[in-house]
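Q: One structure, as structure tokens, below. Some questions next.
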Amino acid sequence: ICVLKGSGLPEGHQNRKWKGRVVFGGNNVRDEFGLAAVFPEQGSGASYVAASKLLDAVAMLPGNVGEQADAPMAYTQCELGAETEGPTTQTWVELPTYMWPKEWADKGYQRPVVPLRLALYGHPMAGVYWDRFSHARLLKAGFERVPGWECLFVHWKHQVMLSVYVDDFKMA
Numbered sequence: 180i181c182v183l184k185g186s187g188l189p190e191g192h193q194n195r196k197w198k199g200r201v202v203f204g205g206n207n208v209r210d211e212f213g214l215a216a217v218f219p220e221q222g223s224g225a226s227y228v229a230a231s232k233l234l235d236a237v238a239m240l241p242g243n244v245g246e247q248a249d250a251p252m253a254y255t256q257c258e259l260g261a262e263t264e265g266p267t268t269q270t271w272v273e274l275p276t277y278m279w280p281k282e283w284a285d286k287g288y289q290r291p292v293v294p295l296r297l298a299l300y301g302h303p304m305a306g307v308y309w310d311r312f313s314h315a316r317l318l319k320a321g322f323e324r325v326p327g328w329e330c331l332f333v334h335w336k337h338q339v340m341l342s343v344y345v346d347d348f349k350m351a
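Here the sequence shown is numbered in the numbering used here, starting from 180 and rising by one per residue.
Okay, structure coming up:
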């Protein structure tokens, strides 16, 4: 996927740039027998909107501030199966020929596959693995989960609250 970010900005503006993303074609996933592969239905929590509004309110209190940011290249920061106990299903992908090492073509390979190591956007479980990966890093950094909120964390020492929705972070 390739898009021009800031396309409404004037030519030459520093925030006008082309961005690309490699995406896993989750619409055509097959098992070793060529049958459609099925993944469990899992996703991010539903409390994000309420948590986001709560952090907006906290940020507007006297002496407080708020900030929002996206994690750069979020999913590809974690490996498939990150923070998962036990075995996970391996995913193998076919690379486009322009990404092949020269020796593959020299050896006459026709449709080689390689194990998918990183959680690419589009993989049915990428969001789940990223969620587990990022939450584990937050806990290690001293954040604690807010009971009853799957996306809300608090860091008592630094007196901040953090809401996480996929790769969007909002702090107050």
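Even for Gly, the Cβ is constructed at its ideal location relative to N, Cα and C.
Taking Cβ to Cβ, would you say residue 270 is nearer than 8 Å to residue 295?
A: In contact: residue 270 and residue 295 (Cβ atoms closer than 8 Å).
Q: Pull up the CB-CB distance for residue 255 and residue 317, whole angstroms please, since I reckon it's below 8 Å.
A: The Cβ separation is near 19 Å, so there is no contact.
Q: Using beta-carbon positions only, say whether residue 230 and residue 328 come within less than 8 Å of one another.
A: yes
Q: In three-state terms, what does DSSP make of residue 215?
A: strand
Q: Relative to the C-alpha of residue 259, which residue among 311, 232, 250 and 196 is closest?
A: 311
Q: Distance check for residue 193 and residue 207, CA to CA, integer angstroms please.
A: Within the model, the alpha-carbon separation for residue 207 versus residue 193 is close to 37 Å.
Q: Judging by CA-CA distance, which residue of 333, 338 and 309 is the nearest neighbour of residue 345?
A: Ranking 333, 338 and 309 by Cα distance to residue 345 puts 309 first.
Q: So for residue 410, helix, strand or coil by DSSP?
A: Residue 410 lies beyond the residue range present for the chain, which begins at 180 and ends at 351; the question has no answer from this structure.
Q: Pull up the distance between the alpha-carbon of residue 281 and that of residue 287, whole angstroms please.
A: 10 Å
Q: Using the beta-carbon count (16 or more within 10 Å), is residue 277 buried or exposed?
A: exposed
Q: State the DSSP-derived secondary structure class of residue 223, mapped to helix, strand or coil.
A: The pLDDT assigned to residue 223 is 49, lower than 50, so where the model puts this residue is not dependable, and the model offers no usable value.
Q: Which residues bound the beta strand (DSSP E) around residue 334?
A: 331-334
Q: Quick one: what does DSSP say residue 340 is sitting in, helix, strand or coil?
A: Reduced to three states, the DSSP call for residue 340 is strand.
Q: Tell whether a beta-carbon distance below 8 Å holds between residue 339 and residue 351.
A: yes
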